[in-house]
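For reference, the structure is listed below as structure tokens.
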Amino acid sequence: MADAEEAVADSNANGHDHAAVPTVGVEEEYFLVHPGSRSVEAGGTKVVARASSVMGDLVSGEFTEYQIEGKTPPCSSFAELFSRLAWIRGAASAAAQAEGLRLCASGTPVIGGSGSAEIGDHPRYRASVDQYRAMLDDFAVCAFHTHVHLPDRELGVLVSNHLRPWLPLLVAMSANSPFHQGHDTGYESWRSVVRGRFPCLGPPPYFESLDHYERLAVAMQESEAMLDAAVPFWDIRPNPHLPTLEIRSMDVMPDIDDAAAMAVLIRALAVTAAARVRRGDPGPRPSSELLRGAYWRAARDGWSGNGVDALTGRILPASVQAARLVDHVRPALEERGDMDQVRAFLRRLAVRGSGAQRQRASAESRHGLVGVVDDLIRLTVGSVASASQQAPSGCDVSLPIA
Numbered sequence: 041m042a043d044a045e046e047a048v049a050d051s052n053a054n055g056h057d058h059a060a061v062p063t064v065g066v067e068e069e070y071f072l073v074h075p076g077s078r079s080v081e082a083g084g085t086k087v088v089a090r091a092s093s094v095m096g097d098l099v100s101g102e103f104t105e106y107q108i109e110g111k112t113p114p115c116s117s118f119a120e121l122f123s124r125l126a127w128i129r130g131a132a133s134a135a136a137q138a139e140g141l142r143l144c145a146s147g148t149p150v151i152g153g154s155g156s157a158e159i160g161d162h163p164r165y166r167a168s169v170d171q172y173r174a175m176l177d178d179f180a181v182c183a184f185h186t187h188v189h190l191p192d193r194e195l196g197v198l199v200s201n202h203l204r205p206w207l208p209l210l211v212a213m214s215a216n217s218p219f220h221q222g223h224d225t226g227y228e229s230w231r232s233v234v235r236g237r238f239p240c241l242g243p244p245p246y247f248e249s250l251d252h253y254e255r256l257a258v259a260m261q262e263s264e265a266m267l268d269a270a271v272p273f274w275d276i277r278p279n280p281h282l283p284t285l286e287i288r289s290m291d292v293m294p295d296i297d298d299a300a301a302m303a304v305l306i307r308a309l310a311v312t313a314a315a316r317v318r319r320g321d322p323g324p325r326p327s328s329e330l331l332r333g334a335y336w337r338a339a340r341d342g343w344s345g346n347g348v349d350a351l352t353g354r355i356l357p358a359s360v361q362a363a364r365l366v367d368h369v370r371p372a373l374e375e376r377g378d379m380d381q382v383r384a385f386l387r388r389l390a391v392r393g394s395g396a397q398r399q400r401a402s403a404e405s406r407h408g409l410v411g412v413v414d415d416l417i418r419l420t421v422g423s424v425a426s427a428s429q430q431a432p433s434g435c436d437v438s439l440p441i442a
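Residue numbers (our numbering): 41 to 442.
Take a look at the structure:
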């Protein structure tokens, strides 16, 4: 972890002012799917062992053996992030295929995964089962986490206050989990519903200071509602090991273009918030009840529906809220040359919908849930299925972002 911290710091010291052009990195979780049954299948340990010979620390296991995680190094631009993600997905997919499996970017298992899954080999995962018990029986969900370089933890906590009202919109934009274990849930992001049952997952509280944040995290740990105060599972947190602010509310997305665009949009949101904090703006204070309600509405209705604007309490289409978000962060997007990529992302959402909408369209137009999984496998890897086993130029596989 120390090496990764140094890499992030060096990337900003060598010609990159972290206040002006912070690096960004992502973590993506993927399901492993059997190509015959299309159900999720345990194989994380084997796939990671095979992939790590090529990917190093950019691949790791996840909470269940149905999953693996890919991690980018810190990246300065959309193009660099896209290149890293394409290589990571290609290399991980090649390792999965060598083990007779396929890589699938969906927030929940479309087929299979019923009952208690085999838990990954990590002390934190085993401790989680001891603490939360049956609540974790079906906790096999895949997320998309974005890290923005922000080494000042006090600033990071105050930036969180500005970001929290936008989290429900990020849920709606990334929603990619309408099916769960063979059933249509009626929700766009069932992953968000599964996570919402836990007392320590979801939107963070409003914090007055870093001390307030740390004291509350310790109190939550002592209550046993939270496993570890150093690694709180709130959807925004200063990373405990790296000089980044981590945003964690999103489903994993099947398209690399969408994933990279979401990451640079979140970077612009964090940059905009940091500038406001430095000017003395404490940020809005929507009630926790309204914010959780907005989460639930976003999880149910997603991109295609109306949602709760947590800043005003008004019910607005997700597309209207997204346009407001882009206007809010426009200077940061334009300064970094990311506006065109974010606009293209919004156009794709307008034309073909979110991942959840595309999953349902696949189910209706092809061979039911089998067709959904086949389309997800294709979209996850896309044109990188035959990607070179060599990392992109400048990609140090020993330096993940988390």
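Using N, Cα and C, we set each Cβ at its ideal position, and we do this for glycine too.
Non-local C-beta neighbours of VAL88 in its own chain, meaning closer than 7 angstroms and more than five positions away in sequence, comprise VAL99, SER100, GLY101 and ILE108, ordered along the chain. VAL369 and LEU309 have their C-alpha atoms some 6 angstroms from each other. Excluding its 5 nearest sequence neighbours in each direction, HIS223 has no C-beta neighbour in its own chain below 7 angstroms.
For TYR70, the enclosing beta strand (DSSP E) starts and ends at 64–73. Excluding sequence positions up to five before and after ALA314, its CB lies within less than 8 angstroms of the CB of ALA59, LEU190, LEU195 and VAL199, all in the same chain and listed in chain order.
ARG277 is bridged by DSSP to GLU286.
Membership of VAL360 in the alpha helix (DSSP H) is indicated by the continuous run 358–375. The residue from TYR106, ALA145 and ARG364 with its alpha-carbon nearest to that of GLY84 is TYR106. DSSP places GLY222 in no alpha helix (DSSP H); its state is neither H nor E.
Pairing SER77 with GLY408, the inter-Cα distance amounts to about 13 angstroms. Rounded to whole angstroms, GLN137 and HIS74 show a C-alpha spacing of 10 angstroms. Secondary structure within the segment 298–362: the alpha helix (DSSP H) runs of 4 or more consecutive residues, fully enclosed, are 328–341 (chain order).
The closest CA to that of TYR246, considering only ALA183, PHE71 and GLY323, is found on GLY323.
Judged by DSSP in its simplified three-state form, VAL181 adopts coil rather than helix or strand. With a cutoff of 8 angstroms on beta-carbon distance, VAL304 and VAL64 are scored as near each other.
Cβ contact annotation for ALA269 (same chain, cutoff 6 angstroms, sequence separation greater than five): ALA257, VAL258 and GLN261, in chain order. For the 8 angstroms CB-CB criterion, SER214 and PHE238 do not form a contact. DSSP, reduced to helix, strand and coil, places HIS407 outside both helices and strands of the structure shown, so it counts as coil.
In the displayed model, SER79 falls within coil according to three-state DSSP, outside both helix and strand. DSSP lists ILE108 as the bridge partner or partners of GLY101. Counted as a single uninterrupted DSSP element, the stretch harbouring LEU241 is not any alpha helix (DSSP H), since DSSP gives it neither H nor E.
For SER232, DSSP records no beta bridge to any residue. By the neighbour-count criterion, in which a residue is buried when 16 or more other Cβ atoms sit within 10 angstroms of its Cβ, GLU81 is buried. For LEU267, there is no enclosing beta strand (DSSP E), as DSSP marks it with neither H nor E.
A buried status is given to HIS187, since no fewer than 16 other beta-carbon atoms sit within 10 Å of its beta-carbon. LEU143: member of the beta strand (DSSP E) spanning 142–144, first to last residue.
Here SER263 is exposed, its C-beta having fewer than 16 other C-beta atoms within 10 Å.
Going by beta carbons, LEU210 and MET290 fall inside the 8 angstroms limit. By the C-beta density criterion, GLU286 is buried, having at least 16 other C-beta atoms within 10 angstroms. Around PRO371, the same chain offers THR312 as residues with beta carbons nearer than 8 angstroms, after the five sequence neighbours per side are excluded. In the displayed model, VAL188 falls within a strand according to three-state DSSP.
Using a 10 angstroms sphere on the CB of GLU375, the tally of other CB atoms stays under 16, which defines it as exposed. Linking GLY152 to GLU69 through their CA atoms gives a straight-line distance of about 17 angstroms.
The beta carbons of LEU331 and PRO205 sit about 7 angstroms from each other, so the pair counts as a contact at 8 angstroms.
In the three-state DSSP reduction, SER217 falls in the strand class (E or B). In the structure shown, ILE159 adopts extended strand secondary structure according to DSSP, grouped into three states.
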